[in-house]
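Protein chains in written order, with my numbering: chain A, 340 to 537; chain B, 340 to 537.
Glycine residues also receive a C-beta, built at the ideal position from the N, C-alpha and C atoms.
In what follows, a single structure is set out as structure tokens and then discussed.
There are 2 protein chains.
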Amino acid sequence: MGYHHGDLRAALIEASFGLLAESGLHGFSVAAVARRLGVSSAAPYRHFPDRDHLLGAVSSAAARDLRAEIVEATDAAGDDAGDRLAAVAGAYVTFVTRTGAGITVIFAAGLSELVDEERRERTRALMTTIVDLAVAAGPGSYQDVIRLVEATIAVAHGYTSLLFDGFFARPDGHATDVAAARAVETARALTSSQARPL
Amino acid sequence: MGYHHGDLRAALIEASFGLLAESGLHGFSVAAVARRLGVSSAAPYRHFPDRDHLLGAVSSAAARDLRAEIVEATDAAGDDAGDRLAAVAGAYVTFVTRTGAGITVIFAAGLSELVDEERRERTRALMTTIVDLAVAAGPGSYQDVIRLVEATIAVAHGYTSLLFDGFFARPDGHATDVAAARAVETARALTSSQARPL
DNA sequence: GTCTATATCTAGATAGAC
DNA sequence: GTCTATCTAGATATAGAC
């Protein structure tokens with residue numbers, strides 16, 4: 340076996356993204372992540388007590404990074420509030436196709452029992468960021484805002500799944516760009532119609 | 340162990356739906372399906388040569404049944420072409436929440452290599468049914484029609500995933516109805532805006 | 001801090017009894 | 001047509017060497 344890294348903990352999280360992107364949560368295992376880094380299957384357990392804690396750390400990092408890329412994408416989208424919210428969908432498709440860490444990983448994954456304050460905070464920040472964009476885009480009640488957020492995420496996640504499951508073509512770089520663009524267009528249609536009652 | 344059924348083959352497919360609905364494709368295994376029926380883990384192999392052939396049969400049945408429920412839902416949706424297409428999303432959420440067999444199972448699952456003419460035909464019929472509804476709803480080019488189909492499926496699948504992953508609440512009967520209604524509303528917004536260029 | 005080795009578990013799949 | 005028994009493979013997790 341190979342041996343030690345400067346920071347195996349960080350490397351394990353990074354390698355988990357790669358594995359998730361290729362094989363999905365289905366194909367994720369601590370052993371496979373270790374293999375990817377050329378370390379023994381026991382090595383990860385020096386840094387994470389069990390599989391769920393590794394996944395929790397991956398989830399935490401994903402919530403932080405996804406939020407950062409969403410902020411970046413909305414900044415690039417200009418001033419129109421509808422365009423800015425729609426950009427969330429594009430950022431989601433791009434990020435999740437690259438890292439494999441979408442809502443399935445960030446939420447669920449049976450991690451609800453894990454107490455991780457940092458992760459909770461990052462997830463909350465991610466949601467707050469999206470809700471704020473929806474508030475700006477939708478003139479409706481709080482309930483309407485939440486519905487708009489859900490719809491935007493549903494669109495983003497739906498296109499990502501279609502892409503991952505080969506509905507479009509193999510997810511090479513170009514297919515990802517196309518899917519992201521479609522997701523943005525579709526999400527954008529939600530906010531135009533939001534002006535009229537949904 | 341228990342013993343023989345009238346039709347274990349059919350029972351295995353039915354039990355697979357239940358297992359998929361509860362545990363997802365992630366938690367699916369031939370052994371677990373057998374356990375559900377109280378038969379030995381070897382019994383399924385008398386009816387299916389391997390795991391993929393069972394999943395293929397499940398996929399085939401799902402394509403047939405989902406199409407039937409879509410036809411039923413669109414018939415109930417009235418005459419407006421936009422309403423009829425939007426009804427697809429509602430039928431999808433309801434069906435997939437109950438059976439666990441959505442696009443992830445019907446397509447992907449590494450079943451592309453499986454040659455199953457009946458399954459291919461059912462999948463084709465399912466897609467044709469949706470495309471026809473989109474043609475009626477969208478006055479655009481063939482490309483626009485395909486995009487509308489993709490968007491509708493993305494919305495439907497997105498809401499189903501949100502529901503399954505606990506984004507709304509536990510998927511009891513009521514939560515499913517709410518998610519289905521939201522999916523219909525969101526899908527409906529796509530076709531109103533389709534009148535104006537997307 | 002990582003390795004080797006190992007115990008335990010679960011799943012996929014096959015052989016042979018009934 | 002199903003059962004019991006068994007083999008193989010891969011994953012989680014722990015113990016102890018270096």
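If you measure from the beta carbon of residue i to each beta carbon in chain A, is any gap under 8 Å?
i         : result
B/Arg-521 : yes
B/Ala-440 : no
B/Ala-364 : Contrary to the premise, residue 364 of chain B reads as Leu rather than Ala in this sequence. It does: the Cβ of B/Leu-364 has a partner Cβ on chain A nearer than 8 Å.
B/Arg-486 : yes
B/His-344 : no
B/Ile-492 : yes
B/Phe-446 : yes
B/Tyr-431 : no
B/His-496 : yes
B/Thr-515 : no
B/Ala-360 : no
B/Thr-525 : yes
B/Leu-376 : no
B/Ala-528 : yes
B/Gly-395 : no
B/Asp-414 : no
B/Gly-505 : yes
B/Ala-349 : no
Contact check, residue i vs residue j under 8 Å by CB: the rounded distance?
i         : j         : result
A/Ser-300 : A/Arg-458 : It is not possible to answer for residue 300 of chain A, since the shown part of chain A is limited to 340 through 537.
A/Ala-420 : A/Ala-464 : Not a contact, Cβ separation roughly 20 Å.
B/Leu-529 : B/Thr-491 : 7 Å
B/Leu-502 : B/Thr-438 : About 13 Å; that fails the 8 Å criterion.
A/Tyr-498 : A/Ala-522 : 4 Å
A/Ala-425 : A/Arg-527 : 4 Å
A/Ala-493 : B/Thr-525 : 7 Å
B/Val-369 : B/Leu-393 : 6 Å
B/His-365 : A/His-365 : 5 Å
Quick one: is residue i near chain B, going by C-beta distance under 8 Å?
i         : result
A/Val-454 : no
A/Glu-489 : yes
A/Ile-409 : no
A/Phe-434 : no
A/Thr-443 : yes
A/Ala-370 : no
A/His-389 : Inspection of the sequence shows that residue 389 of chain A is occupied by Asp rather than by His. So no, A/Asp-389 is outside the interface.
A/Leu-405 : no
A/Ala-464 : no
A/Ser-355 : no
A/Asp-418 : no
A/Ser-380 : no
A/Ser-500 : yes
A/Glu-421 : Before going on, a small fix: residue 421 of chain A reads as Gly here, not Glu. Not one chain B Cβ lies under 8 Å of A/Gly-421.
A/Gly-477 : no
A/Asp-511 : no
A/Asp-483 : no
A/Pro-536 : Confidence is the limiting factor: at A/Pro-536 the pLDDT is only 39, short of 50, which leaves the residue's position unreliable, though a coordinate-based value still follows. So no, A/Pro-536 is outside the interface.
Exercise. Touching or not, the segment 502–519 of chain B and the segment 514–526 of chain A, by the rule of three or more beta carbon pairs under 8 Å?
Worked result: no
For this session: Please specify which runs of the alpha helix (DSSP H), each continuous and at least 4 residues long, are wholly inside the segment 440–487 of chain B, giving them in chain order.
Result: 442–445 and 456–476
Exercise. Quick one: any contact between the segment 472–490 of chain A and the segment 442–450 of chain B, if contact means 3 or more CB pairs under 8 Å?
Worked result: no
Exercise. Would you say the segment 421–429 of chain A touches the segment 370–383 of chain A, given that touching needs at least three Cβ pairs under 8 Å?
Worked result: no
Exercise. If you scan the segment 382–444 of chain B from start to end, which runs of the alpha helix (DSSP H) of 4 or more residues do you find wholly inside it?
Worked result: 390–415 and 420–438
Problem set entry | Inter-stretch contact at 8 Å, needing at least 3 Cβ pairs: the segment 395–410 of chain B / the segment 422–440 of chain B | yes
Exercise. Hey, which unbroken runs of the alpha helix (DSSP H) at 4 residues or more fall wholly within the segment 344–388 of chain B?
Worked result: 347–362 and 369–376
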